[in-house]
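**Q** Protein chains in written order, with my numbering: chain U, 1 to 264; chain Y, 1 to 287; chain D, 1 to 425. Virtual Cβ for every residue (Gly too), placed ideally from N, Cα, C. On a predicted model such as this, the values are computed, not experimentally measured, just so you know. I am attaching a structure below and will ask some questions about it afterwards.
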Amino acid sequence: MKGKSSIEVHNLSVTYQNVPVLWDIDFSLPQGQIIGIVGPNGSGKSTLLKAIMDLVPISSGFVKIMDKSLGLVRDLVAYVPQRESVDWNFPASVEDVVMMGRYKKNKLFNRLTKIDKELVQEAIAKVKLEKYKDRQIAQLSGGQQQRVFIARALAQGADIYIMDEPFVGVDMATEKTILDLLILMKNEGKTIIIVHHDIQTVSNFFDYIVLLNTRLIAHGKTSETLTGENLQATYGGQLNLLTKIQTLIKAKDFPLREEGFEDK
Amino acid sequence: MSLNDFLTLLTAATIGLSCAILGCFLVLRKVVMVGDAISHSVLPGIAIAYIVSANFNSSLLLIGAAIFGVITTLIIDFFHKKLKLQEDASIGITFTWLFALGVIIITLFTESNTDLDQDCVLFGELSSSFLDKIIMNDYLIGTRSFWMIFPVFLIIVIFVVRGFKGLLLISFNEEYAKSKGIHVSMWNLIFMSLVSITTVMSFESVGAVLVVGLLVIPPATAYILSNDLKKMIFIACGLTLLACILGFYFSILIDVSMSSMVIVTCGMLFFSVLAYEKLKKMLKSKK
Amino acid sequence: MKDTLTYFLSDSVALKVLLGVIIIGATSGIVGTFSFLRKKTLVGDAIAHSLLPGICLGFLFTGTKDPIGLMFGALISGWISVWVIDYLVSKTKLSEDTAIAFVSTFFFAIGSVILSVISKSQNGNQSGLKDFLFGKAATMTNYDVNVFAVLSVLIIIMVTVFYKPFKMLAFNKEFAHAIGWNTKWIEFLLSTITVLTVAIGIQAVGIVLTSALLIAPSSAARYWTNNLVKMIIIAAFIGMFSGVIGVIISASQENMPTGPWIVFVLFLITLLTLLFSPQKGWFSIQKNQRENKRKISEENVLKIFYQLKESKIDQVSYSVFLEKRMMDTRDLSKTIQNLIHKKWLKKLNSDYSLTENGAVEASRVVRFHRLWELYLTKRMNFKEDHIHGTAETIEHLITPEIEKELLKELNFPLADPHNKEIPYE
Ligand SMILES: Nc1ncnc2c1ncn2[C@@H]1O[C@H](COP(=O)(O)OP(=O)(O)O)[C@@H](O)[C@H]1O
Ligand SMILES: [Mg+2]
């Protein structure tokens, strides 16, 4: 399996109300590694994940997962959304939420099996939340809530894990738990893709990084890619001209890709 | 309790339970105002159904009327997503217009049809629902209002029990549900259709405004009280039953309309619960 | 129609009704603008429902239908409802939509209970109270209209005096708070004004439909202007206009309700605005997109002629052209017609070639394309085999101003990343 790519992104562009937030992104990611998608706030990292998971409309390009389209391998990919994306007051316990990981599109009307329940307990144990499994999720700390989300992904038993900012607002203990867990998962051959915006910790966390700021800056092994020049390009602010073009596109309502033309 | 009292209560409870179950998901998904809009927007459909069928027994026509509820969600979406009007305004414009249309239709045909008047539109008449009994082979098998809502109630129960996982997923986090390949917009359509059918079927008994009270108040109370979705649904149902019984007796006591009194009771239960929770917190922090 | 007009102008009662809806429409338009900008129009709906108990109690205490007493009761229950919504949203885990629906139905139910108590105890005298449910525009009295006029003048004065704080609240509440304004107070003032407006609004269109008076005029006005003062004025006019038309329609036939017709007209105006307004309307957006497409097609064809010229082919036939570049044939022949019409292409026998002006245009497009490709590789780390895509679009978009900047930033380059010459005039 080594050498094959886990996720390939081809010429991907995404616009929100005609403002391009991802421009012609093109890369492929290795398997079995911890991969960071790194960039400042608002650089389109979450949007990239959503585009990979087919949650936002794509204006051009396509994505392949294990050489297939998402629909065919959906159960192999676990998505961990940003913690703020849900209302934690929701009346559900830790166990309830982790159980959602076992829900499958085609088996939504079936009962969960004993195996399902065991996998859920296992996942809860892996993130060290056994003591809290009957607690309502609002009564957890930020770090614990994050661990619930990760346990839900673990319960799904996927090969590829796509996590949006799992280290934001978590305590040191959680950070350590998550990191240990990630390494364990990596050793089992899983691929883990993590959106991250804090450059301080990048080299500790990731084997491989994708530097992103609306456009793709660089991608590759962390040691080779994390150069001052690349960081300057990523975090040094938007390019003046690019911003102007973005505004123009919005103002004139231009399609990002034209239809009907093809070069011969 | 007389037979008529029992029949009235039975109808009220079935309507209330249907609303309570659906309402829990409306509250959790934060789309209560869409439910509110639907309950007002079905008026033109109801008006047309009443006018077309000379005797008002055709429940099929009323299910047709429920289409207006689904159309409401489509119009709201059209204003919000296609015409880029902000969401609150899209909701407000859509339901006021459809409601106005309904009132216009009703007043246009009011001479030929006295059963549907403006008062009934707003309040409904739960306490007179027992007047319309259905008797078969000399056995009383219930009232028409009851038999209109009861099948809907059954469908709701089956839908929620069988589709519980799907409803849980889309209520907790639509995006996560989509990432699992779940057809969120289809679930949403089915759900909103049920809301729409429920409001149509309970229209005569509780009216367009008060049905929203049944949809929102017991679920909101249960939401404050519970940490678990299943419990929340059961508590909402329990509160609804309690409010129906208490409201029924209050309404007899001071001789006022029962449907309004049930909602007032629901609201009083809500504030009692809120006060109780506050008190509990205060006692806890003192310790 | 003419009859109706003369009727209105000759009849003083009818004139009063018109005056009444004009006042109500204008006030709701003005105040609704702030509700709209704060995205709180549905709170207006809750307020409208919540006025019922206040009005009924006002009636119980004063024993008359004197609008001042009823207004006072309405004001108090309106205040309470706004406060309860605020409390539920900030102090419990209920979300805003739940709080709004809760308050509106609960208050409405209380109101209807009181209403049925009144109707049992005071035989028939209360008939006027029910008018609040659906509005009573057609039966407004002189006295009613006078009270509305005074209130509406009061409201307009308040809006004028507190224009700045209200504007601040609508656009940037956090900022207002941060620079030390007492936002609680401003909000209270605005709520009071909203409650008063709704209270006179329900007399025209009734409790259920009053929110339309707040929402529709401002929604439509938003699509005509970006300026707050203009928006307020437009909203006021739409409110008045719909009121007048609604009254006329309902007067033209017997037994026609006024309120629903006013709302119907409001809806139509809003819908038409959203579809047809010149800048943000749906059709103008569609038209703009079509024009963009046309421009893109034209410039692409020009570009191909330029590239052919580069390889020393000055004239091509239609079929040869199609071989060079795949294009929808209908689209292509239309585009070529357009270009001939603009005198950028000419036709000799069955061959087409660029005119002098066309050549200038074409070199502009090619220049932009190559400049942008260069910019992508130099500044945006694009690999050479991936730049063509966006450049295809951007070339049609670059303005002379951006061109200047591109040239400066790239230091007047001579060749693009594929080593093709960048043409200058
Ligand atoms: N639903 C949306 N509608 C409009 N703009 C959005 C939406 N979601 C995100 N954006 C904008 O897209 C850009 C990228 O957002 P995001 O992908 O969340 O960035 P990141 O995760 O890197 O912080 C931001 O400028 C953000 O404001
Ligand atoms: Mg993000």
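Just to confirm, does U:Thr247 get its C-beta within under 7 Å of one of the non-hydrogen atoms of ligand 3?
**A** Of the ligands this structure carries, namely ligand 1 and ligand 2, none is ligand 3.
**Q** What's the call for D:Ile232, buried or exposed, on a 16-neighbour Cβ count within 10 Å?
**A** It counts as buried.
**Q** What are the residues in the stretch 202-215 of chain U lying within 9 Å of chain Y by C-beta distance?
**A** Result list empty, no residue passes.
**Q** For the stretch 220-234 of chain Y, which residues have a beta carbon sitting closer than 9 Å to at least one beta carbon of chain D?
**A** Answer in chain order: Ala220, Tyr223, Ile224.
**Q** Strictly by DSSP, which residues pair up with D:Lys346?
**A** DSSP, once it has assigned bridges, lists D:Ser353 as partnering D:Lys346.
**Q** Per the contact definition of three or more C-beta pairs closer than 8 Å, is the stretch 60-74 of chain Y in contact with the stretch 233-251 of chain Y?
**A** No: the two stretches stay apart, fewer than three of their Cβ pairs being nearer than 8 Å.
**Q** Which of helix, strand or coil does DSSP assign to U:Gln33?
**A** The answer is coil: DSSP assigns U:Gln33 none of H, G, I, E or B.
**Q** Check whether the Cβ atoms of U:Val148 and U:Ile160 sit closer than 8 Å, and answer yes or no.
**A** Result no, Cβ atoms of U:Val148 and U:Ile160 do not sit closer than 8 Å.
**Q** Using the three-state DSSP reduction, which class does U:Met163 fall into: helix, strand or coil?
**A** Here U:Met163 sits in strand by DSSP.
**Q** Would you mind telling me which residues of chain U sit closer than 9 Å to Y:Ile156, beta carbon to beta carbon, in chain order?
**A** Chain U residues near Y:Ile156: none, gap ~16 Å exceeds 9 Å.
**Q** Determine the chain U residues that contact D:Ile394 at a beta-carbon separation under 8 Å, and present them in chain order.
**A** Those within 8 Å of D:Ile394 in chain U are Ile245.
**Q** Going by CA-CA distance only, name the one from D:Lys120, D:Tyr375, D:Gly44, D:Ser104 that's closest to U:Ile245.
**A** Checking every option, the nearest Cα to that of U:Ile245 belongs to D:Tyr375.
**Q** Could you give the DSSP three-state label for U:Trp23: helix, strand or coil?
**A** U:Trp23 falls in the strand class under three-state DSSP.
**Q** Cα-Cα, which of U:Phe206, U:His197, U:Thr222, U:Ser223 is closest to U:Asn213?
**A** Considering only alpha carbons, the answer is U:His197.
**Q** Along chain D, which residues have their Cβ under 7 Å away from the Cβ of U:Asn89?
**A** Here the neighbours are Lys93.
**Q** Confirm the yes/no value for this check: CB of U:Lys50, any heavy atom of ligand 2, distance under 7 Å.
**A** No; taking the cut-off as 7 Å, the Cβ of U:Lys50 has no heavy atom of ligand 2 nearer than that.
**Q** Heavy atom of ligand 2 less than 7 Å from the Cβ of U:Val195, yes or no?
**A** Checking the Cβ of U:Val195 against ligand 2 gives yes.
**Q** From this set, U:Thr201, U:Ala158, U:Thr177, which residue's C-alpha is nearest U:Gly189's C-alpha?
**A** Answer by Cα proximity: U:Ala158.
**Q** At a cut-off of 7 Å, is U:Glu165 close to ligand 2 when judged by its beta-carbon and the heavy atoms of the ligand?
**A** Indeed, a heavy atom of ligand 2 lies less than 7 Å from the Cβ.
**Q** In the DSSP assignment, what are the bridge partners of U:Phe62?
**A** According to DSSP, which records beta bridges pairwise, U:Phe62 is partnered with U:His10.
**Q** Can you determine whether any heavy atom of ligand 2 sits closer than 7 Å to the C-beta of U:Lys45, and answer yes or no?
**A** U:Lys45: yes, Cβ under 7 Å from ligand 2.
**Q** Take every Cβ of the stretch 91-108 of chain U, pair it with every Cβ of the stretch 198-208 of chain Y, and state whether three or more of those distances are shorter than 8 Å.
**A** No, because fewer than three Cβ pairs between the stretch 91-108 of chain U and the stretch 198-208 of chain Y fall closer than 8 Å, the two stretches do not touch.
**Q** Distance, Cα to Cα, D:Trp426 vs D:Thr210?
**A** For residue 426 of chain D there is no data in the structure shown, the boundaries of chain D being 1 and 425.
**Q** How close, in whole Å, do the beta carbons of U:Gln129 and U:Val94 come, if the pair is a contact with beta carbons under 8 Å?
**A** The residue you asked about is not Gln; residue 129 of chain U is Leu in the sequence shown. 6 Å between Cβ atoms; contact.
**Q** Are at least three pairs of beta-carbons, each pair with one atom in the stretch 35-51 of chain D and one in the stretch 78-97 of chain D, less than 8 Å apart?
**A** Because the criterion of three Cβ pairs below 8 Å is met, the stretch 35-51 of chain D and the stretch 78-97 of chain D touch.
**Q** Name the residue from D:Ile245, D:Gly243, D:Val113, D:Leu354 whose alpha carbon lies nearest to the alpha carbon of D:Phe305.
**A** Answer by Cα proximity: D:Leu354.
**Q** On the criterion of 16 or more Cβ atoms from any shown chain inside 10 Å, does D:Ile202 qualify as buried, or is it exposed?
**A** Counting Cβ neighbours within 10 Å, D:Ile202 comes out buried, since at least 16 surround it.
**Q** Assuming U:Phe205 and U:Gly36 form a contact by the criterion Cβ under 8 Å, report the distance between their Cβ atoms to the nearest whole angstrom.
**A** Confirmed, about 6 Å.
**Q** Mind listing the chain D neighbours of U:Leu55? Cutoff is C-beta to C-beta under 9 Å, in chain order.
**A** None at all; the shortest Cβ gap to chain D is about 23 Å.
**Q** Against Y:Ser179, what residues of chain U qualify as contacts under a CB-to-CB distance less than 7 Å, listed in chain order?
**A** Chain U residues near Y:Ser179: Met53, Leu55, Tyr79.
**Q** Around the C-beta of U:Glu259, are 16 or more other C-beta atoms found within 10 angstroms, so that it is buried, or is it exposed?
**A** Below a pLDDT of 50, predicted positions are generally treated as unreliable, and U:Glu259, at 39, falls in that range; the measurement from the model is reported next regardless. Exposed is the call here.
**Q** At 8 Å on the CB atoms, spell out the chain Y contacts of D:Ser77, in chain order.
**A** By Cβ distance, chain Y contributes nothing, its closest Cβ being about 14 Å from D:Ser77, past 8 Å.
**Q** Measuring only between beta-carbons, confirm whether D:Met231 sits less than 8 Å from chain Y.
**A** It does not: the Cβ of D:Met231 has no partner Cβ on chain Y nearer than 8 Å.
**Q** Starting from the C-beta of Y:Val273, find all residues in its chain whose C-beta is less than 8 Å away, skip the five residues before and the five after it, and write them out in chain order.
**A** Same-chain partners within the cutoff: Thr221, Ile224, Leu225.
**Q** So, D:Gly29 versus D:Ala236, is the Cβ gap smaller than 8 Å?
**A** Cβ distance < 8 Å, so D:Gly29 and D:Ala236 count as in contact.
**Q** Helix or strand or just coil, what does DSSP make of U:Gly220?
**A** If DSSP states are grouped into helix, strand and coil, U:Gly220 belongs with the strands.
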